[in-house]
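Enquirer:
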Amino acid sequence: MDVLNLFASPITEFFRCLIPPLKRQIDYIVHCERTLEQLRKKLEDLENTRDDVQRRVDIAKRNIQSIRGVVEAWLQRVGKETNNPNPEDTIVGLRVSDEVEGMINQQFCRGWCSCCSGSRYHLGRKAEKKMVIIDQLLNEGRSFDDVSDPFYPGSTEDEGTHLIGVYGMGGVGKTTLINQVAKQVKEENIFDEVAITTVSQNVDLKRMQNEIAEMLGLTQLTGMDNISARAALLSKRLKQEKRILVILDDLWSTNLNLSDVGIPYGENYHKGCKVVITTRILDVCNSLRSQTNISVAVLSEEESWHLFKRNAGDEADSPVLQSVAKEIVKECGGLPVALVTLGRALRNKDKVVWDDAAIQLKRSNFPCIDEGMNSAVFASIKLSYDYLSYEMIKKCFLFCCLFPEDHKIHMHELMVYAIGDYGILEDSETLTQASVRLHAIVEKLLAYCLLLGNKTESGSYVVWMHDIIRDVAILIASQEGNGFFVKAGAGLSDWPERIRLLSSTSITGGECLRRLSLMENRISVLPEEPELPDLLSLSLNGNRSLRKIPDSFFRSMTSLATLDLTSTDISVIGNLKNLVILSKRWDVGESGNNGSNVISLAEVASLPCLTNLVLKIFNEQMITTEDPKHGRFEIEFSNGHDLLTNEQWDSKCCLYQVSHPVSISIKVLVRRVRKLIISRCFVLKSMGQLEVGFNNLRDLYIEKCHDMEYFMNMAEEEIPRTALVALKELKISSMNKLKYIFYGPMPIGFIDNLTVLKVKECKEMVSCFGPNLVKRVPNLEELEVAYCGMLKDVFHLETGSSTSLLINNDQKEINAAAIFSKLRSIVLSSLPILETIWKGEIPFRFLENLKRIDVKHCDKLRCLFSSSMARNLKQLEKLEVGFCKSMVKLISSSSSSDKHHQIMSVDADHQDQVQLMIFFPNLKHLKIRGCDSLEQLWDGNNSTVLDCPLEYLEVVRCKNLKILFSHQCTLQLKEIVGDSEEWFQGLEWEDSSDKLQMQPLFKFPLLLVFYVFYLLVHFHLPNYKNQIESNFCEFPIVMEPMNYQ
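If you're matching positions, the sequence shown starts at 5 in the working numbering and goes up one per residue.
1. Looking at the structure shown, is Thr-566 part of a helix, part of a strand, or coil, going by DSSP?
2. Return the Cβ separation of Leu-941 and Ile-980 in integer angstroms, given the expectation that the two are a contact with Cβ distance under 8 Å.
3. How long is the line joining the alpha carbons of Pro-749 and Asn-776, rounded to whole angstroms?
4. Which runs of the beta strand (DSSP E) spanning at least 3 residues fall entirely within the stretch 769-803, listed in chain order?
5. Report the CB separation of Ile-841 from Leu-851 in whole angstroms; it is logged as a contact under 8 Å.
6. Assign Lys-398 to one of two classes, buried (16 or more other C-beta atoms within 10 Å of its C-beta) or exposed (fewer than that).
7. Excluding the 5 residues preceding and the 5 following Cys-117 in the sequence, name in chain order all residues of the same chain whose CB lies nearer than 6 Å to its CB.
8. By the three-class DSSP mapping on this structure, what secondary structure does Ser-299 have?
9. Checking the sheet assignment: what are the DSSP bridge partners for Gln-213?
10. I'd like the span of the beta strand (DSSP E) that includes Asp-703, first residue to last.
11. With distances taken from CA atoms, which of Glu-845, Arg-961, Val-859 and Asn-926 is nearest Ile-830?
12. Is Leu-520 helix, strand or coil when you go by DSSP?
13. Taking the C-alpha atoms as reference points, what is the distance between Lys-243 and Gly-221?
14. Please tell me whether Met-891 and Cys-962 are closer than 7 Å, where the distance is taken between their beta carbons.
15. Please report the residue range of the beta strand (DSSP E) in which Phe-489 lies.
16. Taking the alpha carbon of Asn-214 as the reference point, which residue from Gly-266, Ile-682 and Asn-261 has its own alpha carbon closest?
17. For Leu-406 and Pro-500, I'd like the C-alpha separation in whole angstroms.
18. Is it a yes or a no for the stretch 522-531 touching the stretch 552-564, going by three-plus beta-carbon pairs under 8 Å?
19. Cα separation between Met-523 and Glu-218?
20. Is there contact here, the stretch 433-447 with the stretch 330-347, by at least three beta-carbon pairs under 8 Å?
21. Near Leu-237, what residues of its chain come up, given a Cβ to Cβ distance below 8 Å and the 5 sequence neighbours on each side ignored?
22. In whole angstroms, what separates the C-alpha of Pro-953 from that of Lys-735?
23. If you check the beta carbons only, do Asp-711 and Phe-686 fall under 7 Å apart?
24. I'd like the list of long-range same chain contacts for Met-561, defined as Cβ closer than 6 Å, with 5 residues on each side in sequence excluded.
25. Decide yes or no for the touch test of the stretch 282-292 against the stretch 306-320: beta carbon pairs closer than 8 Å, at least 3 of them.
26. Would you call the CB atoms of Ile-478 and Val-490 closer than 7 Å?
27. So, for Cys-709: in the same chain, excluding its five sequence neighbours on each side, which residues have a beta-carbon less than 8 Å away from its beta-carbon?
28. Taking only the alpha-carbon atoms, compute the straight-line gap between Phe-754 and Val-789 and give it to the nearest angstrom.
29. Using the C-alpha atoms, what's the distance from Gln-42 back to Phe-19?
30. Do the stretch 301-313 and the stretch 182-196 make contact, defined as three or more Cβ pairs closer than 8 Å?
31. Taking the alpha carbon of Met-1050 as the reference point, which residue from Ile-837, Arg-241 and Lys-855 has its own alpha carbon closest?
32. Given this structure, state the Cα-to-Cα distance separating Ala-199 from Val-778, to the nearest angstrom.
33. What does DSSP give as the partner residues of Gln-940 in its beta bridges?
34. Roughly how many angstroms separate the alpha carbons of Ile-854 and Phe-824, rounded to a whole number?
35. Measuring alpha carbon to alpha carbon, tell me which of Leu-255, Ile-216 and Glu-713 ends up nearest Gln-205.
36. How big is the Cα-Cα spacing for Ser-353 and Asp-359?
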């Protein structure tokens, strides 16, 4: 027994050690299929982790960040690189062979034959070893909190760095980019002021100075002619700003000296002034010694396709059109201006049109193209023009090229030429109809992206042409029987010799001259009698040295219908029997003889066909007191200052520093005026002091009357009840002492027709709508209040307004009337002490038709709506909130003041009351920016309170907002814009499926806007830079996708 025991113990220990490895070897054979299946699942996990890390790396690279070495090494190990030193560690190497997998799947090795058992053993053993490697890679990949380090350009460390150059070929999107940057830095308060001017090929220093001065509120340049003196004054003004950005767009000349403009530069450098330029030529950047140059390249093939499809529509991706659409995109050469214009032109067109476009682009060999213009660009714009459906739209497009390059064209300027052309507005019986028609035409051109533009405060358009589109338009206009000759802003000193040679003969191929534009030149002498019998319009606007027209100049112009002599020194016009439009400014200097320059409206009225009159007069004593009989007139009194008012004119009178009491001349005109502009009339305490009737007044704009405390003081002045009965638009701006708009008891019906109210820069105003005004504006549709530093509330409502119930789905109002039921839009901006928008109890049906709310830079506003207020907004479609530092939530739970008028649901059978929780049932657009304190959108369960057709969602710089809402509540959502991929991944979701459904909708920011903004921040704000470096993932900027539209 001792002997047996002696051997038993080692033998037992031997088998104890032998069995586990033996079992493991047997498991390789027995559990081969299970092991392989586990391997497949782990490989899928590794591939998903790799894709996630790679996506984060791609985002970091687009944002100019440096990828960490450990991350790159990990990606290489799990990647498919052929030069990987350890190919067995790659996903390719980790896969089992396709041959063996095929055998396993076909069950050829399910038996226990020795051959198959050997194969199963080796396959199972290999799979187990690979899973160990995969587990290591998975753990490492999942541990990457950050995949990159921020990139910081070295040049930004130099405090002397202050000029960035942005360059690239025409049509690539430089101006769009820089406008995005300007918008961004202004919204983020990186700079106190942002001034933009367009330089163009023919440098006009005076115009550039005026544009910069206007943006800075510098009025002293008006009336100054000496360029050097103007530059010195502008430079002094720029140096007053601690943080100012000046953008010079579209530079061409390498000889431009910024000091000649008035921009502190070189020896006069001011570190608070930063400059960004855009140009097509890198040498221009180098000539200005820019510290950083950014190249804007053409779009990649993928980017081009997405941009084209965005404008042409999803039909471009259809099986019928995709191939030809790809050909068109390729021919556009990655140029946004070509892709956008042609995409818009082809939208909803038949396939035969698409095929024709592709053929025309391939044949794009146009000998008439100017040097430097891309043939694909010309062809795409020409095709877009050809596809315009009506001749009147084509004519209106060509009229826009009559104006100088980069000129902002106001609708009243375009109307001058449209009315004079009987083919465009001939069906319009009234001028109002003509205006509506012209607006419709312009909207069509904007939709085709052949014009750029935006709406003014009055709702009218201001449009302009991209310089490349204008070049193409001029080429088209000079051909094809159009008869245009355009040399606007060309720097001419003499009447063009080519017109002398043309006389009444052809321009090209037998076409007669019909439209002649010589705007903004330096012509001082006109020929005696040019033979231009077919000329319809003549534009000499801006030739300031032109003082005399020869007696015989108009003799042969028997067809002339439109004459623009604005900003010339001509006083005698002559007899023009067919003249329909006359635009003229009488400017008498100190040495002028006022007696010989008195304007008689009766004399002007002797022109038999004249129906539209525009006069600008620098002295109210220069006009006699006849009542103008023309259907539309604009007369401006400005005492040596140009009001720069470019609103559409319709019986308008402008008063600038007019004396008090008002002269008889002005009273005569004001009696009929529909639009009135009052500026810098410092003696006025209120409008009642003018002592004139305003029964016909529809639009009133009043600014910089710094002694005015009340717009209307009903408590102390006797004002007729009908004084403003026709008033529709009231705009008040820059009134330093204004406390209230209307003070004292207001008569019923006093301003019942007011539809638009805009108040800006009234530093002392404490309330916008007091209890006396709330019920006196039943037809108000638009409200805008901005830069009113003392404003504490907007709507001051009375208590005890109303209570209402929803009984059996029927709304019944109790003791309430609809207040602001027609208000469609509310815009509130830069109101630093505003604590509440709606003060008092919210009545039932309050703002029931409101469609848009935009609130920005209201630092003390903690909440936007109460829940009861939010339920009223059943028609709200667009909600934007930005940079409200104290805002904690958009919608708060009902306060004690709300409970008296909550909307309740009462079941007829059970009488159970359940509070309704559905907000914004028609909301389509939600944008929230820069609200760092925002923790939640509203109280309660988010998924139960939002049920709307939301299409666009943007949330940026809201670092404490972690919960949005369920995807089921927003099934129509098309796009989500956020700070970064990290932001999206950090959101909390009630249901993990919401994240999967919303992930494809997330859009990434634009690299170049980020880069330029980033450089500007580093150039200017070192403390801001440190904040960025400490937490780069929360980089405080908003980067919108490039909008080439």
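Yeah, the Cβ is synthetic: ideal placement off N, Cα and C, and Gly gets one too.
Expert: Checking against the coordinates, here is how it stands:
1. strand
2. Between Ile-980 and Leu-941 the Cβ distance is about 14 Å, and since that is not below 8 Å, they are no contact.
3. 7 Å
4. 771-773, 786-790 and 797-800
5. Contact flag wrong, Cβ pair sits at about 10 Å.
6. buried
7. Residue placement at Cys-117 is flagged as unreliable, the pLDDT there being 44, under the threshold of 50; a coordinate-derived value is accordingly withheld.
8. Ser-299 falls in the strand class under three-state DSSP.
9. DSSP lists no partner for Gln-213.
10. 703-707
11. Val-859
12. strand
13. Using only the alpha carbons, I get a separation of about 14 Å.
14. no
15. 488-490
16. Gly-266
17. 16 Å
18. yes
19. Those two C-alpha atoms are separated by around 22 Å.
20. Judged by Cβ distances under 8 Å, the stretch 433-447 makes no contact with the stretch 330-347, as fewer than three pairs qualify.
21. Leu-222, Gln-224, Leu-225, Met-228 and Gly-266
22. 34 Å
23. Yes.
24. Here the set comprises Leu-536 and Leu-539.
25. no
26. Their beta carbons are under 7 Å apart, which means Ile-478 touches Val-490 by this criterion.
27. Ile-682, Ser-683, Arg-684, Cys-685, Phe-686, Leu-688 and Met-739
28. Roughly 22 Å separates the two Cα atoms.
29. Residue placement at Phe-19 cannot be trusted, given a pLDDT of 48 that sits under 50; what the coordinates show is reported in the next sentence. Each residue's alpha carbon lies about 30 Å from the other.
30. no
31. Nothing can be reported for residue 1050: it is not among the residues displayed for the chain, which extend from 5 to 1049.
32. 38 Å
33. Lys-893
34. The residue asked about is misnamed: residue 854 is Leu in this sequence, not Ile. C-alpha separation (whole angstroms): 9 Å.
35. Checking every option, the nearest Cα to that of Gln-205 belongs to Leu-255.
36. Note that residue 353 is Lys in the sequence shown, not Ser. Answer to the nearest angstrom: the Cα atoms are 11 Å apart.
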